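Numbering (our numbering), first residue to last: 1 to 299.
Right, here's the structure in full:
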């Protein structure tokens with residue numbers, strides 16, 4: 001059986017790591033990104049570059065889409081330069097971008113009648129997970145299509161979950177997860193700011209909380225540690241992405257009628273932080289709390 005040809009659209013912090021892991025697994029990869037420096041990195045890793053989505057589609061059996069929002073996904077599919085104009089029937093489109101579930105359903109509707117399979121598979125694990133191939137994937141799609149793409153999915157992720165048959169179900173799981181992660185970020189930052197505002201050194205708070213059932217996690221240790229070190233950039237955890245994802249969680253809540261009291265408060269906190277620190281990472285949220293309380297969280 002011939003090696004599956006893979007296309008990869010979106011070679012940012014996440015996409016580049018995933019594309020490299022596909023190359024390492026032996027799949028030929030053709031990439032597309034608006035930034036020449038990113039496509040250059042793919043070429044250095046052994047991949048090739050396409051000039052358009054249609055050209056990439058003609059060179060690919062399976063295409064990953066890892067862009068920023070749902071409109072970009074839809075735009076990449078349609079038009080004379082879109083994937084639909086280039087991919088042959090029998091191919092599969094895998095959307096690993098985090099977008100709204102309704103946007104994923106819209107994208108899947110565009111593929112109906114094309115002979116192309118679709119998998120809705122957002123990921124979790126951040127830049128480090130993308131680089132190391134240890135991402136968690138929440139894949140939704142027809143069982144036969146999912147089974148046929150196990151090889152490429154497992155090349156980019158350590159844990160691949162088939163969460164449902166219908167496109168949009170993967171994005172629904174991701175929106176629920178991001179609500180949880182956003183709340184956890186806020187809990188870490190607020191608890192540190194609270195203790196420091198009452199005179200407890202940050203290191204003592206870290207030592208105690210990290211040795212409890214609630215705080216004894218790698219997520220706590222990593223993010224609380226970054227705050228104590230005053231590291232707010234280049235952590236692989238961008239505030240722009242998290243704020244966008246929380247907006248998706250809120251949109252799902254409005255769509256379903258699910259109350260999101262705590263998530264709504266966290267979303268407002270992140271929006272305040274991104275206005276002040278648009279080019280920083282999630283840990284900068286603590287600086288909003290510090291400003292209000294008049295303290296600085298350090299070791």
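The beta-carbon is built from N, C-alpha and C at its ideal position, and this holds for glycine as well. Since the structure is predicted, the reported quantities are computational estimates derived from the model, not experimental observations.
Would you identify the three-state DSSP class for residue i, choosing helix, strand or coil?
i, result
"residue 210", "coil"
"residue 238", "strand"
"residue 1", "In this predicted model, residue 1 has a pLDDT of only 49, less than 50, meaning its place in the structure is not dependable; the value taken from the coordinates is given anyway. Here residue 1 sits in coil by DSSP."
"residue 151", "helix"
"residue 300", "This structure cannot speak to residue 300, because the chain is shown only from 1 to 299."
"residue 279", "coil"
"residue 216", "coil"
"residue 118", "strand"
"residue 42", "helix"
"residue 188", "helix"
"residue 247", "helix"
"residue 289", "helix"
"residue 20", "helix"
"residue 55", "helix"
"residue 260", "coil"
"residue 106", "helix"
"residue 169", "helix"
"residue 270", "helix"
"residue 222", "helix"
Taking the DSSP output, what are the residues bridged to residue i?
i, result
"residue 137", "123 and 160"
"residue 31", "8 and 49"
"residue 64", "8 and 94"
"residue 129", "Its beta-bridge partners do not exist; DSSP assigns none."
From residue i to residue j, what distance separates their C-alpha atoms?
i, j, result
"residue 116", "residue 4", "15 Å"
"residue 139", "residue 218", "25 Å"
"residue 10", "residue 199", "46 Å"
"residue 271", "residue 190", "16 Å"
"residue 214", "residue 92", "41 Å"
"residue 254", "residue 268", "16 Å"
"residue 289", "residue 183", "15 Å"
"residue 161", "residue 173", "11 Å"
"residue 38", "residue 68", "15 Å"
"residue 141", "residue 17", "24 Å"
"residue 129", "residue 158", "9 Å"
"residue 245", "residue 163", "19 Å"
"residue 28", "residue 74", "25 Å"
"residue 242", "residue 126", "11 Å"
"residue 106", "residue 95", "12 Å"
"residue 1", "residue 119", "Reliability fails at residue 1, whose pLDDT of 49 lies under 50, so the model's placement of it is uncertain and the value that follows must be treated cautiously. When rounded, the distance between both Cα atoms is 22 Å."
"residue 111", "residue 12", "25 Å"
"residue 143", "residue 108", "15 Å"
"residue 295", "residue 230", "13 Å"
"residue 260", "residue 266", "10 Å"
"residue 135", "residue 124", "6 Å"
"residue 82", "residue 274", "33 Å"
"residue 204", "residue 234", "26 Å"
"residue 207", "residue 216", "10 Å"
"residue 60", "residue 202", "51 Å"
"residue 193", "residue 238", "21 Å"
"residue 258", "residue 240", "24 Å"
If you check the beta carbons only, do residue i and residue j fall under 9 Å apart?
i, j, result
"residue 187", "residue 249", "no"
"residue 221", "residue 168", "no"
"residue 19", "residue 8", "yes"
"residue 87", "residue 114", "yes"
"residue 196", "residue 297", "yes"
"residue 22", "residue 145", "no"
"residue 276", "residue 287", "yes"
"residue 156", "residue 177", "no"
"residue 133", "residue 64", "no"
"residue 51", "residue 31", "no"
Give a yes or no on whether the minimum CB-CB distance between residue i and chain B is below 9 Å.
i, result
"residue 183", "Given the protein chain composition of this structure (a single chain), no chain B is represented."
Open item on the list: Three or more C-beta pairs under 8 Å: does that hold for the segment 54–73 against the segment 34–45?
Closed with: no
TODO: Count the C-beta pairs between the segment 274–283 and the segment 223–237 that are closer than 8 Å, then say yes if the count reaches three, no if not.
DONE: Result yes; three or more Cβ-Cβ pairs closer than 8 Å.
- [ ] Evaluate the contact criterion for the segment 95–112 versus the segment 61–76: three or more CB pairs, one atom per stretch, below 8 Å.
- [x] yes
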